[in-house]
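Number of protein chains: 2
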Amino acid sequence: MVPHLTTALTGPLHELERRMLAAMPQIEHWFRSQWLEHTAPFYASVDLRNAGFKLAPVDTNLFPGGFNNLNRDFLSLSIQAATIAVEKLCPEIHRLLIIPENHTRNTYYLRNVAELAHILRQAGLEVRIGSISPEIIAPTTLETQEGQTLLVEPVVRRGNRLVLENETLGNFDSCAILLNNDLSGGVPELLKNLEQTLIPPLHAGWTTRRKSQHFSAYNRVLEEFSRLISIDPWLLNPYFATCGEIDFHARTGEDCLAAQVAGLLEKIRVKYTEYGIKQDPFVIVKADAGTYGMGIMTVKSPEDVRDLNRKTRNKMSVVKEGLQVTEVIIQEGVYTFENINDAVAEPVVYMMDHYVIGGFYRVHTGRAVDENLNAPGMHFVPLAFETSCSTPDRAGAPDAAPNRFYAYGVVARLALLAAAIELEETESLNT
Amino acid sequence: MVPHLTTALTGPLHELERRMLAAMPQIEHWFRSQWLEHTAPFYASVDLRNAGFKLAPVDTNLFPGGFNNLNRDFLSLSIQAATIAVEKLCPEIHRLLIIPENHTRNTYYLRNVAELAHILRQAGLEVRIGSISPEIIAPTTLETQEGQTLLVEPVVRRGNRLVLENETLGNFDSCAILLNNDLSGGVPELLKNLEQTLIPPLHAGWTTRRKSQHFSAYNRVLEEFSRLISIDPWLLNPYFATCGEIDFHARTGEDCLAAQVAGLLEKIRVKYTEYGIKQDPFVIVKADAGTYGMGIMTVKSPEDVRDLNRKTRNKMSVVKEGLQVTEVIIQEGVYTFENINDAVAEPVVYMMDHYVIGGFYRVHTGRAVDENLNAPGMHFVPLAFETSCSTPDRAGAPDAAPNRFYAYGVVARLALLAAAIELEETESLNT
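In the order they appear, the protein sequences are chains A and B.
Mapping the first sequence onto the numbering used here, position 7 (from 1) lands on 7, and the numbers just tick up by one.
Mapping the second sequence onto the numbering used here, position 126 (from 1) lands on 126, and the numbers just tick up by one.
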């Protein structure tokens, strides 16, 4: 049982959150018109940082894990949103095949897959789990972290279709396939040129996707949105820069990196002065095509990226599934001012279609406010949001939890919109 | 605070509910295809009767009150569904005018209007309440049953638009108007030939609507649905017959009524024998164009409708707002086998667009299992459903509450589909 928390950040709402609440009808109207022009991804999660003076997305995941960390009291909200997403996808759909990540020994991850399958079954689909892992060569019953069982079957390619073949359960041929695998290891041949609809499309995977392209789309989204509610876009937007052609082992690209770090720190310093913020600016250096919190570094000075020791260079040079890092994004660090019993707490917001279905805090006792929580082998404690993000109480106390969560939902949806635009722009790169 | 009840009816699920659970993927797929062909009303509530062996809708309300009786824990579900309904209606919408019933002294009803306005505001609309009551001649602040205040303003017709004119708050001109007024007293001139979209349309009001037309559409819906899950349609469908040209005062039409009652009782008796049901069949006689539980009679023999005393004739001859009853529907009575502490409990299910958003039980201690709870001046106790209707636990115990509620949600949606078809068929009658 996940404990309920009102919000990690207590105290009155900040000016920014207040502004969003006041502009709620305009904001919702604006989102409605945006979703007429852009198609929301089937699902997504967005990592936020709340520094009080600033509330920003730092990562948008198009293959979200962690559905099991959402507040079960709001399961019906996920089911309703899944129903809508499925109706838009293809109302004729009967069956859905889910392709999970290959790490079948991570029982926490398996718990997420079980929850995702549960939501989609409740939305009225027949759902089965098909693995592309070379280790899964026969139907295999795995145990999840909470002791549930999950049947994972090997996928079989028949012509241009991926199917399951199982004498006991019967064969399974679905018109659509839901990827919960971010393709960090590249797009397997098995998934190329399929007749079936892949959700999300292959170019949403890390083979094609770049964080910098996402945040470039986010810049444009924010330009319009910040005009709508008359705020400085920086309050919702982390600065970023990129360096291509980095080789941490060969130590090439270090000059570019140091220069970009220096430039970004200076830009942040100007803003900090403008807003009277006393903290030291910092930036995060991370792989432009990466995930899972690997290959991430917190940097407070250009010197920090010079003369890296072997250990750091090793850490930075490889992300998940051995993917080499050659492009990095340098992103403005946003302080995490939310905490629970002195432990840092970072909100993650989940969406299906363009609806916010919930979220949770990653709570980590052993980390500082300027470090990244989504680290390898992270032992965070998930704390589900107590209320939904769609029930602000505009007449209520300004520090009411639902009001804070409304702001989270808005920023998460802005990042979702950026992801929608990003996927339109990269569609031609679809493999 | 409404107490939470798991379900009024404890004990194992009946065969019927079990059948629906097993067929869930087929049922949801079928509904998806139906909603491609038919447009769901913006909102609706359906009164159900659960006799254990039979689960049937007995009334479908297209101007639902009672939103305040839903479980507040699922408010976000209503908001999400309202968002969807609004997007379908007109994504460009900013403002919505709600026209409530005229009985502004019913504080329970006002509580419903406040809740409905709250849901729509949370969906991101600017909402104001415009009254067509002749008693509201200036902006009036009314107090609801729970002590909230509700500002009701008189509507003004400007050309073919209904607007609010208010120097303090500013004028209000909305592209759509939501009726929460069932037009029992006829369609006021004020509402005719408006440029604005009326939701639901005027022909959903009782000036045009007939219960018999609704249940005729329901018959057709059930014919298809019962084939889909291989059941006797009678298990979800109350028999009915009609009599036109009744005049309770002049005692004309009594022969027709007695004959229809006799015929219907006989048909029910055959079914009761087939299923080994020991109870006495009964029918409900009610106005074909009526609501609010007025003009309703429980009948167990044709003799019951002959030689009615003056009191009963008076009761039967007039429904809400003095509307004369000339057409009646004779509907198979369905026993209410759900009860809470010996009080009869009848489920009501609420929907927005085609999504079930919740429900509650009408609990009435002073009534028998074959009487109607929705009576004038009813003093029912609303008991919100503890769980949503979309979270069945197919692996769970067969008597798990969510499983029962799933069946309720299915039958309510079948009635909703019938209402959609009914409104298509009566569209040409739009005044």
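No residue lacks a Cβ here, since even glycine has one placed at the ideal position from N, Cα and C.
These numbers were taken from a predicted model, which means no experiment stands behind them.
{"Asked": "Endpoints, beta strand (DSSP E) assigned at F240/B", "Found": "240-243"}
{"Asked": "3 or more residues per run - each beta strand (DSSP E) lying fully within the segment 123-177 of chain B", "Found": "126-131, 140-143, 149-154, 156-158, 161-164"}
{"Asked": "CB contact below 8 Å: G359/A versus chain B", "Found": "no"}
{"Asked": "Neighbour flag for H29/A against chain B, beta carbons, 8 Å", "Found": "yes"}
{"Asked": "Simplified DSSP assignment, three categories, for F360/A", "Found": "strand"}
{"Asked": "Rounded straight-line distance, which links the Cα of Q26/A to that of G186/A", "Found": "41 Å"}
{"Asked": "Test: F42/B CB closer than 8 Å to a CB of chain A", "Found": "no"}
{"Asked": "Contacts that P25/A makes with chain B (C-beta to C-beta distance below 7 Å)", "Found": "H94, G124, L125, E126"}
{"Asked": "Buried versus exposed call for D255/A [16 or more other C-beta atoms within 10 Å across all chains shown]", "Found": "exposed"}
{"Asked": "Cβ-Cβ distance between N193/A and N160/A below 8 Å", "Found": "yes"}
{"Asked": "Where P91/B falls: helix, strand or coil (DSSP)", "Found": "coil"}
{"Asked": "Alpha-carbon spacing of V344/A relative to F74/A, whole angstroms", "Found": "25 Å"}
{"Asked": "Chain-ordered residues of the segment 69-80 of chain A with a beta carbon less than 7 Å from chain B", "Found": "D73, F74, L75, S76, L77, I79, Q80"}
{"Asked": "Test: S33/B CB closer than 8 Å to a CB of chain A", "Found": "yes"}
{"Asked": "Inside the segment 254-342 of chain A only - alpha helix (DSSP H) runs reaching at least 4 residues", "Found": "254-274, 310-317"}
{"Asked": "8 Å Cβ cutoff, I84/A in contact with chain B", "Found": "yes"}
{"Asked": "P281/B classed as buried or exposed, judged by whether at least 16 other C-beta atoms fall within 10 angstroms", "Found": "buried"}
{"Asked": "Coarse secondary structure for S428/A, derived from DSSP in three states", "Found": "helix"}
{"Asked": "Any chain B beta carbon closer than 8 Å to Y355/A", "Found": "yes"}
{"Asked": "Close Cβ partners of R413/A (< 8 Å) along its chain, the five nearest in sequence each way excluded", "Found": "F31, M351, H354, V356"}
{"Asked": "Pair within 8 Å by beta-carbon distance, V152/B and E165/B", "Found": "no"}
{"Asked": "Contact the segment 241-249 of chain B vs the segment 197-208 of chain B: 3+ CB pairs below 8 Å", "Found": "no"}
{"Asked": "Cutoff 8 Å: E115/B Cβ touching any chain A Cβ", "Found": "no"}
{"Asked": "Residue nearest to V113/B in terms of C-alpha spacing, selected from S33/B, G65/B, Q331/B", "Found": "G65/B"}
{"Asked": "6 Å Cβ shell around Q145/B - same chain, five flanking residues per side excluded", "Found": "T107, Y108, R111"}
{"Asked": "Where the beta strand (DSSP E) containing I231/A begins and where it ends", "Found": "Looking at the DSSP string, I231/A is not in any beta strand (DSSP E), and its letter there is neither H nor E."}
{"Asked": "Three-state secondary structure (DSSP) of P3/B", "Found": "Because P3/B carries a pLDDT of 27, less than 50, the predicted location of this residue cannot be relied on, and no value is offered for it."}
{"Asked": "Where E87/B meets chain A, residues with beta-carbon distance less than 8 Å", "Found": "R32, W35"}
{"Asked": "Inter-stretch contact at 8 Å, needing at least 3 Cβ pairs: the segment 414-429 of chain B / the segment 206-223 of chain B", "Found": "yes"}
{"Asked": "Meets three-Cβ-pair contact criterion under 8 Å: the segment 81-98 of chain B and the segment 175-190 of chain B", "Found": "yes"}
{"Asked": "Neighbouring residues, chain B, relative to P91/A (Cβ below 9 Å)", "Found": "H29, R32, S33, W35, L36"}
{"Asked": "With 16 other Cβ atoms within 10 Å as the buried cut-off, status of S76/B", "Found": "buried"}
{"Asked": "Environment of N69/B [buried if 16+ CB atoms lie within 10 Å]", "Found": "buried"}
{"Asked": "Bridge partner(s) assigned by DSSP for T197/B", "Found": "A176/B"}
{"Asked": "Buried or exposed (CB count within 10 angstroms, at least 16 for buried), K286/B", "Found": "buried"}
{"Asked": "Between the CA atoms of Q148/B and E332/B - distance to the nearest angstrom", "Found": "41 Å"}
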